[in-house]
Amino acid sequence: MQTRNFKRAYVWQLPVRLFHWMNALAITVLIITGFIIADPPVIMDHHEANDAYWFGIVRFTHFVAAYAFLIMILMRFYWAFVGNKYARWAAYWPFSNKAIKNIMHVMKVDVLLLNDKNKELRDISVGHNTVAALAYIAFFVLFLVMIFTGFGLYASMSASWFPQLFTWVVPMLGGDFTARMVHHFAMWPIILIAIIHIYLVFYHEWLEGRGEVSSMFSGYKFVRTERVISSDKEEKE
Amino acid sequence: MSETKEKRQETYYESIIRQGYSRRDFMKFATFMAAYMGLETSAVGQIAKALETTPRLPVIWEHFQECTCCSESFIRSDHPIVADILLDKISLDYTLTLMAASGKQAEAAKHATIEKGGYILCVEGSVPLGDDGNYCVIAGRTSLEILKESAAGAAAIIAWGSCASNGCVQAAAPNPTQATPIHKIIKDKPIIRVPGCPPIGEVMAGVIMHYVAFGKLPELDRLGRPKAFYGKRVHDSCYRRPYYDAGLFAETFDDAHAKEGYCLYKVGCRGPMTYNSCGTIKWNNGVSYPIQSGHGCIGCSEENFWDNGPFYERLPNMTGFGIESNADDIGKIAATVVGAGIAAHAIGANIMKRKELNKRINRGIENEENIKA
Numbered sequence: 001m002q003t004r005n006f007k008r009a010y011v012w013q014l015p016v017r018l019f020h021w022m023n024a025l026a027i028t029v030l031i032i033t034g035f036i037i038a039d040p041p042v043i044m045d046h047h048e049a050n051d052a053y054w055f056g057i058v059r060f061t062h063f064v065a066a067y068a069f070l071i072m073i074l075m076r077f078y079w080a081f082v083g084n085k086y087a088r089w090a091a092y093w094p095f096s097n098k099a100i101k102n103i104m105h106v107m108k109v110d111v112l113l114l115n116d117k118n119k120e121l122r123d124i125s126v127g128h129n130t131v132a133a134l135a136y137i138a139f140f141v142l143f144l145v146m147i148f149t150g151f152g153l154y155a156s157m158s159a160s161w162f163p164q165l166f167t168w169v170v171p172m173l174g175g176d177f178t179a180r181m182v183h184h185f186a187m188w189p190i191i192l193i194a195i196i197h198i199y200l201v202f203y204h205e206w207l208e209g210r211g212e213v214s215s216m217f218s219g220y221k222f223v224r225t226e227r228v229i230s231s232d233k234e235e236k237e
Numbered sequence: 238m239s240e241t242k243e244k245r246q247e248t249y250y251e252s253i254i255r256q257g258y259s260r261r262d263f264m265k266f267a268t269f270m271a272a273y274m275g276l277e278t279s280a281v282g283q284i285a286k287a288l289e290t291t292p293r294l295p296v297i298w299e300h301f302q303e304c305t306c307c308s309e310s311f312i313r314s315d316h317p318i319v320a321d322i323l324l325d326k327i328s329l330d331y332t333l334t335l336m337a338a339s340g341k342q343a344e345a346a347k348h349a350t351i352e353k354g355g356y357i358l359c360v361e362g363s364v365p366l367g368d369d370g371n372y373c374v375i376a377g378r379t380s381l382e383i384l385k386e387s388a389a390g391a392a393a394i395i396a397w398g399s400c401a402s403n404g405c406v407q408a409a410a411p412n413p414t415q416a417t418p419i420h421k422i423i424k425d426k427p428i429i430r431v432p433g434c435p436p437i438g439e440v441m442a443g444v445i446m447h448y449v450a451f452g453k454l455p456e457l458d459r460l461g462r463p464k465a466f467y468g469k470r471v472h473d474s475c476y477r478r479p480y481y482d483a484g485l486f487a488e489t490f491d492d493a494h495a496k497e498g499y500c501l502y503k504v505g506c507r508g509p510m511t512y513n514s515c516g517t518i519k520w521n522n523g524v525s526y527p528i529q530s531g532h533g534c535i536g537c538s539e540e541n542f543w544d545n546g547p548f549y550e551r552l553p554n555m556t557g558f559g560i561e562s563n564a565d566d567i568g569k570i571a572a573t574v575v576g577a578g579i580a581a582h583a584i585g586a587n588i589m590k591r592k593e594l595n596k597r598i599n600r601g602i603e604n605e606e607n608i609k610a
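What follows is the structure, encoded as structure tokens:
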């Protein structure tokens, strides 16, 4: 059996990796504090209110993480226009022929787990594949929902100018109650997509051994030499 | 202001004095109203002056699909002048429940006011649009017809209570009568929404007083509610707020924490989502308000409060997902399904991709051998 040559390809630039991990951290903090805010546990008994401020601190943490999250999203949005081709907005565009073909292929090979008879080099995605791109678009939409409902709810308890930009959100939804429910409910698909995302990263790493996991630390993935050459050709054409 | 040659209209001040109140009572009343409106002390003079010089404002008060709790709340507002003078005896040209006149006389008075125009139309209750409006018919005419007629000459409309502002209970799903709030029917008039079931009497008086004293609508928020009374959440002025920040909550209504007066957040208090003045102005002459009485706020001044139940849970039930399932229940089920799907995929991958994986492993082993050599 012939062994294959793999080349190191710089896929995830530093801002992308930074975004990924800061975002993961912010979302984790937001989800944990969010759950606590929605249903605070009993951690103290028979105290006076002036003895403690723990719930206030939890909420404060939630708001700080929300700002961090927002800044990261804005940075990533900017990077979609100046980053490399794996980070650019075009990598998320799901309506080209190539993208649709890729979606069909991923559905067949990775979701339904069927095997290709003849492997095509073009089918190997160097960055994320198009189904993953769809998941990230869903993420982005959910993030917007969270940001708008979150800051909309926050506006009534803040005097600073930024949250005031969102004061229209709550009346549009009909009140704090609905806004809060949307904010709470939209968290669940984020959790679910995140779980699937983590699983699929492990799956690709396990099956393909191309450094899927480490790429988000180092930025490099390993790509078959032939794929690199064909990709070069593609670009020249 | 409108001193006509015929007969000068009585001002508020004149009628208040005629009713037997002293100047001192009158000044107290002006101060009291200024305080409720959140104005500074210099505005007291302005209010007093307005009441001394402004002829009474004609008011038509319509009752549609409602329970009259708004009227009840208004006439129990804690200064006697409010009920006595502002409304009952002087200002009201037409109201089904409180006026002495009846039948044709009453209708004639109303039509005279409508023809003159420039009056304030107060609407209590929602308007049913279903089945040609036949769910609410007064004197053979549907409420929609009556509302459109009365609104025609109005300078402004005050939508009293949650019925007129949001639809309230009548509009609760599935809304059989298609109860509709006023602002969805009348589009060409300034409308002040004063939600609450009922709104606080002092708030109602404050809204009318503002119009009388300053000749214009009070500052409204994006939902058309006066900011002075609906600018803050009940939560923000709640005396139990320190317990909330300290994370001290009653778990049930009969536990020791409830007895100690801890925050009612976990037993479904809607204070954090409800914009109203209950925490500051309170009810029944400032005696108490729901949270002070040990019961969480039910958010009666918020839209759809009736459908966002149960009242004693933080998360509302989700319609369309079966009875009594909230966002978390649905989320947990979805997470279980996803988990099962992942497990199935992992098992499937081990079977289906066995050959491919072995190939890759063998290649790896070969490379390893090469390195050794």
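If you're matching them up, the sequences are chains G and P in order. Numbering of the first sequence is given in the numbering used here, commencing with residue 1 and proceeding in unit increments. Numbering of the second sequence is given in the numbering used here, commencing with residue 238 and proceeding in unit increments. Don't be surprised by glycine CBs; every beta carbon is placed ideally from N, CA and C. A quick note: this is a predicted structure, and the numbers were derived from the prediction, not measured.
Excluding its 5 nearest sequence neighbours in each direction, P/Ala391 has C-beta neighbours in its own chain below 7 angstroms: Tyr356, Ile357, Leu358 and Lys426, listed in chain order. Residue state for G/Lys7 is assigned as strand, using DSSP reduced to three classes. Interface annotation for the segment 206-234 of chain G against chain P: Leu207 and Gly209, criterion Cβ-Cβ distance under 7 angstroms. Collapsing the DSSP output to three states places P/Cys307 in a helix.
Taking C-beta separations shorter than 7 angstroms and ignoring five residues to either side along the sequence, the partners of G/Leu153 in its chain run Val170, Asp176, Ala179, Arg180 and His183, following chain order. Secondary structure of G/Leu144 (DSSP, three-state): helix. For P/Gly398, no Cβ of chain G is located within less than 8 angstroms of the residue's own Cβ.
Here G/Asn129 has Asn102 and Val106 as same chain residues with Cβ atoms under 7 angstroms from its own Cβ, once five neighbours each way along the sequence are excluded. The C-alpha of P/Val449 is placed about 12 angstroms away from the C-alpha of P/Tyr250. If you check the CB distance, P/Gly398 and P/Cys534 do not come in under 8 angstroms.
Runs of the alpha helix (DSSP H) lying entirely within the segment 358-410 of chain P and spanning at least 4 residues, in chain order: 380-388 and 398-403. Contact of P/Asp262 with chain G is not assigned, every C-beta pair being separated by 8 angstroms or more. By the Cβ-count criterion, G/Leu30 is buried, with 16 or more other Cβ atoms from all chains shown falling within 10 Å of its own Cβ. The DSSP assignment places complete alpha helix (DSSP H) segments of no fewer than 4 residues inside the segment 434-501 of chain P at 438-451, 464-467, 478-482 and 493-496, in order along the chain. In the displayed model, G/Arg122 falls within a helix according to three-state DSSP.
Rounded to the nearest whole angstrom, the CA to CA distance from G/Val42 to G/Ala135 is 37 angstroms.
At a cut-off of 8 angstroms between C-beta atoms, G/Leu113 counts as an interface residue with respect to chain P. DSSP, read as helix, strand or coil, puts P/Lys265 in helix. For the 8 angstroms CB-CB criterion, G/Arg227 and G/Leu121 form a contact. When rounded, the separation of the alpha-carbon atoms in P/Ala346 and P/Ala389 is 16 angstroms. When secondary structure is reduced to three states using DSSP, P/Leu552 falls in the coil class, being assigned neither helix nor strand. Of G/Ile196, G/Tyr10, G/Phe151 and G/Leu14, the smallest CA-CA separation from G/Asp110 is found for G/Ile196. Within chain P, no residue has its CB atom less than 8 angstroms from the CB of G/Pro163, the nearest being about 14 angstroms off.
Taking 7 angstroms as the upper bound on Cβ-Cβ separation, chain G lies near residues Arg470, Pro479, Tyr480, Tyr481, Asp482, Ala483 and Gly484 of the segment 470-484 of chain P. Per the coordinates, the alpha-carbon of P/Phe466 lies some 35 angstroms from the alpha-carbon of G/Asp45.
Spatial neighbours of G/Thr225 in its own chain (CB-CB distance under 6 angstroms, excluding positions within 5 residues in sequence) are listed in chain order as Asn5 and Lys7. Between the segment 400-419 of chain P and the segment 535-549 of chain P there are three or more C-beta pairs closer than 8 angstroms, enough to call the two in contact. In terms of CA proximity to P/Cys304, P/Ser363 leads the group P/Ser363, P/Ile318, P/Lys596 and P/Val374. Taking C-beta atoms as the reference points, P/Ser514 and P/Ile437 count as a pair closer than 8 angstroms. A Cβ-Cβ distance of about 24 angstroms is found for the pair P/Asp262 and P/Pro295, leaving them out of contact under the 8 angstroms criterion. Here G/Val223 is bridged, per DSSP, to G/Lys7. For P/Gly367, the CB contacts under 6 angstroms within the same chain, skipping 5 residues up- and downstream, are Thr414 and Gln415 in chain order.
In this structure, the alpha-carbon of P/Ala280 lies about 7 angstroms from that of P/Ala271. Close partners of G/Ser156 in chain P (Cβ separation under 7 angstroms): Arg470. Contacts with chain G (Cβ-Cβ distance below 9 angstroms) from the segment 271-285 of chain P involve no residue at all.
Taken atom to atom, the span from the alpha-carbon of P/Ala610 to that of P/Lys596 is near 21 angstroms.
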